[in-house]
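Report on one structure; see the data block that follows.
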Amino acid sequence: MSDQIQFIVEKLNQEPFRKNYNLITFDSLESVQLLQLLNDVLGEIDPKHAVDIREELPEQTAKRMLSLLGILKYKPPGSISDLSAFRQGLVTGSKPVIHPVLHWLLQRTNELKKRAYLARFLVKLEVPAEFLQDDTVADINKQYEELMEAFKNLHKECEQLKTSGLSTAEIRRDISAMEEEKDQLVKRVERLKKRVETVQNHQRMLEIARQLRLEKEREESLAQQKQEQKNQLFHAEQRLQRAQLQLKEMHHAVVDSKPESLMKKLEEEINFNSYLVTEKIPRELESKKNSAYFLQKVVAEPAMSQSDLNVLEIKINEVNAQMNQLIEKRMMKYEPIDSKFSMYRQQASIISRKKEAKAEELQAAKEEMSSTERQMLQKTNQAHELEGSEVLKGDEFKHYVNKLRSKNTFYKKKRLEIAEITAEYGILQRTEELLKQRHEAIQQQLVIQAFTAPTVHHPSFPDNSYRIRWMFILSLCQVKKLNTMVAEKKASLAPVIKELRQLRQKCQELTQECDEKKIQYDSCAAGLESNRSALEQVRWWLNLEIQLQRAKEEMKAYVSPDPQERRKAIREQYTRMILEQENLGKKLREKQKAVRESHGPNMKQIKMWQDFEQLMECKRECFLKQQNQTAIGQVIQEGGKDRLVL
Numbered sequence: 220m221s222d223q224i225q226f227i228v229e230k231l232n233q234e235p236f237r238k239n240y241n242l243i244t245f246d247s248l249e250s251v252q253l254l255q256l257l258n259d260v261l262g263e264i265d266p267k268h269a270v271d272i273r274e275e276l277p278e279q280t281a282k283r284m285l286s287l288l289g290i291l292k293y294k295p296p297g298s299i300s301d302l303s304a305f306r307q308g309l310v311t312g313s314k315p316v317i318h319p320v321l322h323w324l325l326q327r328t329n330e331l332k333k334r335a336y337l338a339r340f341l342v343k344l345e346v347p348a349e350f351l352q353d354d355t356v357a358d359i360n361k362q363y364e365e366l367m368e369a370f371k372n373l374h375k376e377c378e379q380l381k382t383s384g385l386s387t388a389e390i391r392r393d394i395s396a397m398e399e400e401k402d403q404l405v406k407r408v409e410r411l412k413k414r415v416e417t418v419q420n421h422q423r424m425l426e427i428a429r430q431l432r433l434e435k436e437r438e439e440s441l442a443q444q445k446q447e448q449k450n451q452l453f454h455a456e457q458r459l460q461r462a463q464l465q466l467k468e469m470h471h472a473v474v475d476s477k478p479e480s481l482m483k484k485l486e487e488e489i490n491f492n493s494y495l496v497t498e499k500i501p502r503e504l505e506s507k508k509n510s511a512y513f514l515q516k517v518v519a520e521p522a523m524s525q526s527d528l529n530v531l532e533i534k535i536n537e538v539n540a541q542m543n544q545l546i547e548k549r550m551m552k553y554e555p556i557d558s559k560f561s562m563y564r565q566q567a568s569i570i571s572r573k574k575e576a577k578a579e580e581l582q583a584a585k586e587e588m589s590s591t592e593r594q595m596l597q598k599t600n601q602a603h604e605l606e607g608s609e610v611l612k613g614d615e616f617k618h619y620v621n622k623l624r625s626k627n628t629f630y631k632k633k634r635l636e637i638a639e640i641t642a643e644y645g646i647l648q649r650t651e652e653l654l655k656q657r658h659e660a661i662q663q664q665l666v667i668q669a670f671t672a673p674t675v676h677h678p679s680f681p682d683n684s685y686r687i688r689w690m691f692i693l694s695l696c697q698v699k700k701l702n703t704m705v706a707e708k709k710a711s712l713a714p715v716i717k718e719l720r721q722l723r724q725k726c727q728e729l730t731q732e733c734d735e736k737k738i739q740y741d742s743c744a745a746g747l748e749s750n751r752s753a754l755e756q757v758r759w760w761l762n763l764e765i766q767l768q769r770a771k772e773e774m775k776a777y778v779s780p781d782p783q784e785r786r787k788a789i790r791e792q793y794t795r796m797i798l799e800q801e802n803l804g805k806k807l808r809e810k811q812k813a814v815r816e817s818h819g820p821n822m823k824q825i826k827m828w829q830d831f832e833q834l835m836e837c838k839r840e841c842f843l844k845q846q847n848q849t850a851i852g853q854v855i856q857e858g859g860k861d862r863l864v865l
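In our numbering, each residue carries its 1-based index in the sequence shown increased by 219.
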């Protein structure tokens with residue numbers, strides 16, 4: 220309490236109150252002064268409450284303060300009985316009541332100001348239902364609610380603008396920067412005008428430039444209009460295609476069906492829609508209304524602490540336990556006739572749940588079908604934009620797929636041939652590189668040999684011509700040798716290349732056969748998978764029927780008037796087992812109780828026996844020691860006698 224009072228005094232001494240209190244002067248305030256102080260704080264939060272309490276009755280003051288505290292969502296401590304004491308303490312100006320209120324208000328003054336401001340416009344006036352039957356009153360009330368919603372939206376936008384980070388200083392800086400840019404642009408325009416004035420016919424050129432700018436703007440607007448018209452045309456074509464598709468589907472439905480099937484389909488749709496309108500949608504609407512009502516109720520209540528939530532959880536658990544006990548008692552008191560009715564009720568509830576589930580599945584399937592149709596229309600439009608032709612259907616699509624498969628096979632064959640040629644080209648290119656390297660090496664050797672060979676003089680040729688001729692003869696010999704080597708390599712590689720071609724052709728055939736087998740395998744696997752899913756569904760239904768049959772037999776045995784037959788029911792067996800286990804547990808608890816009661820005396824008796832055993836053991840050891848000492852004394856005495864005899 221001292222910390223609370225110190226906090227109140229510190230806040231009251233600050234702006235905007237400036238009371239200059241200390242702990243002693245604040246504690247010595249009378250009840251009227253305390254109420255006036257509380258009223259001043261409330262007046263700071265809501266200016267409507269800035270009044271002198273001496274000019275109004277105490278009941279009016281308490282009522283006004285209580286209404287504002289309720290709007291501010293102040294929650295007095297204590298239970299319902301304490302609430303009446305709180306009201307009485309507020310009327311009389313009791314310190315234990317006023318001090319917590321002041322502490323709570325001064326802790327969150329800014330937040331409460333905002334809440335009080337919003338309450339002036341958002342606290343709804345409750346109009347009685349009989350007055351709302353008047354059209355004028357109803358219209359005014361509707362306008363009032365619309366204005367309230369508009370105020371909420373505007374307030375949210377205002378808060379978002381406040382928290383968006385924009386400030387007046389930034390806006391002023393931006394405005395000053397824009398003014399500086401404007402001055403710079405004006406100066407640039409003036410300089411350009413001075414430059415242009417020296418040019419001949421500058422007025423005519425300016426007029427032409429102005430017309431050019433206007434024409435460019437007009438061109439941009441026309442391009443924008445053209446784009447908009449293209450978009451409108453595209454949307455109109457989409458609507459036309461959807462309408463044509465619907466018309467085609469309706470034609471197919473009319474051609475492929477009979478009046479009886481159409482009537483049956485329409486009846487099914489009518490039944491489904493009537494079920495949605497009369498049962499499903501009203502139920503969902505009612506549940507939504509209930510949830511909205513509870514949410515509004517939760518919002519209208521004051522803020523709850525963790526202790527309040529814990530209390531509510533405890534109450535919920537207690538109520539659930541009571542419900543479970545009542546259900547068990549009701550199940551124990553069931554008669555066979557009531558059991559029959561319960562069986563029918565259970566069947567009806569199961570059927571209704573199945574009906575709801577199927578309706579939801581049907582609705583989901585319809586939504587999925589509509590989304591698939593939209594996707595199909597989008598893909599059709601894309602195909603029209605890319606190809607400009609109609610979408611293939613039926614036999615045309617199958618023929619197109621077969622054509623694509625044949626082209627794919629031909630493409631794979633050609634791709635293998637290209638791969639073979641590419642590989643052979645790589646081998647030849649590598650051979651060419653090796654031969655070039657070998658040729659360069661031989662030429663270098665020839666040059667070295669020519670320059671390092673001894674000089675041979677011939678009377679009919681000069682020295683240089685003889686050397687060149689000799690080099691030419693050597694190179695010819697080397698080329699012949701290389702040609703023979705290349706021919707030998709080609710002859711040795713020819714059977715290998717021939718065999719490689721045969722192997723490549725065989726590999727191509729095997730690859731094609733593998734692709735065909737893979738297609739057959741995929742189709743066979745898809746058929747087996749569909750058969751497996753069908754068999755699993757059949758097995759699931761068989762298991763379900765077996766379980767339903769067991770459940771029927773169980774219900775039949777349970778409601779049977781024959782006691783022997785009722786004993787065969789699983790429920791009776793489990794009931795007997797539960798009773799046996801309960802009896803066994805009761806006996807074990809009694810035995811445990813007896814063991815607990817006799818535990819203390821038994822432990823005491825065990826302790827006494829242990830002490831007795833230790834005592835007897837100690838006596839035995841003492842007895843043995845005494846016997847040993849007696850025997851040693853006798854031996855010593857006998858030895859002394861022998862010495863005397865000697």
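Glycine is no exception: its CB is placed at the ideal position from the N, C-alpha and C atoms.
Between which residues of its own chain and E249 is the CB-CB distance below 8 Å, once the five residues before and five after are set aside? G312
Measuring only the C-alpha atoms, how far is I243 from A348? 55 Å
Short of 6 Å in beta carbon distance, which residues of its chain neighbour E592, apart from the five on each side in sequence? Order them along the chain. none
Through-space distance from L341 to I227, alpha-carbon basis: 30 Å
Decide if the stretch 628–646 is in contact with the stretch 490–505; the criterion is three or more beta carbon pairs, one per stretch, under 8 Å apart. no
Whose CA, out of L321, A281, I290 and L433, lies closest to the CA of S303? A281
What are the start and end residues of the alpha helix (DSSP H) that includes P277? P277 to I290
In three-state terms, what does DSSP make of Q352? coil
Alpha-carbon spacing of I390 relative to C377, whole angstroms: 17 Å
Within the present structure, is the beta-carbon of A583 separated from the nearest heavy atom of the ligand SAM by less than 7 Å? Inclusion of the ligand SAM in the displayed structure is not the case, the ligand content being empty and no account of it being possible.
Are there 16 or more other CB atoms within 10 angstroms of the CB of Y240, so buried, or fewer, so exposed? buried
Evaluate E453 with the Cβ neighbour count: other Cβ atoms within 10 Å of its Cβ, from every protein chain shown; 16 or more gives buried, anything less gives exposed. Looking at the sequence provided, one finds Phe at residue 453 rather than Glu. Per the 10 Å Cβ criterion, exposed.
Could you give the DSSP three-state label for N232: helix, strand or coil? helix
From the DSSP output, in three-state form, read off D265 for me. coil
Is it right to say L466 is buried, meaning 16 or more other beta carbons lie within 10 angstroms of its own, or is it exposed? exposed
Roughly how many angstroms lie between the CA atoms of K806 and Q525, to the nearest whole one? 43 Å
In the DSSP assignment, find the unbroken alpha helix (DSSP H) run with N492 in it and report its ends. P478 to Y494
Counting pairs of Cβ atoms below 8 Å between the stretch 247–266 and the stretch 485–497, do you hit three or more? no
From Q463 to F616, what does the alpha carbon distance come to, in whole angstroms? 20 Å
Measure from the alpha carbon of K343 to the alpha carbon of each residue in R327, W323 and E365, then state which is nearest. E365
Within the chosen definition, does the stretch 695–712 reach the stretch 731–747 through at least 3 CB pairs nearer than 8 Å? no
Return the chain-ordered list of same chain residues with a C-beta closer than 6 Å to the C-beta of F245, the five sequence neighbours on each side being excluded. V228
From R437 to Q443, what distance separates their C-alpha atoms? 10 Å
Give the single residue among K508, R458, E840 and L285 whose Cα lies nearest to the Cα of Q307. L285
My output table needs one value for S298: the three-state DSSP class, helix, strand or coil. Only weak support is given to the placement of S298: the predicted model assigns it a pLDDT of 49, under 50, and the question is left unresolved by the model.
I need the straight-line Cα distance from L324 to N372, nearest angstrom please. 28 Å
Mind checking I272: buried by the 16 CB within 10 Å criterion, or exposed? buried
Would you report the Cα separation of E400 and A388, rounded to the nearest angstrom? 18 Å
So for K238, helix, strand or coil by DSSP? coil
Applying the criterion that 16 or more other CB atoms from any shown protein chain within 10 Å of the CB defines a buried residue, is P295 buried or exposed? buried
Would you report the Cα separation of D222 and D265, rounded to the nearest angstrom? 27 Å
Separation of L719 from P681, as counted between CA atoms: Because the pLDDT of P681 is 45, which lies under 50, any placement of that residue in the model is unreliable, and the number read from its coordinates should be weighed accordingly. So the alpha carbons of these two residues sit roughly 56 Å apart.
Does DSSP put Q756 in a helix, a strand or coil? helix
Using the Cβ count rule (16 or more neighbours within 10 Å means buried), how would you classify A850? exposed
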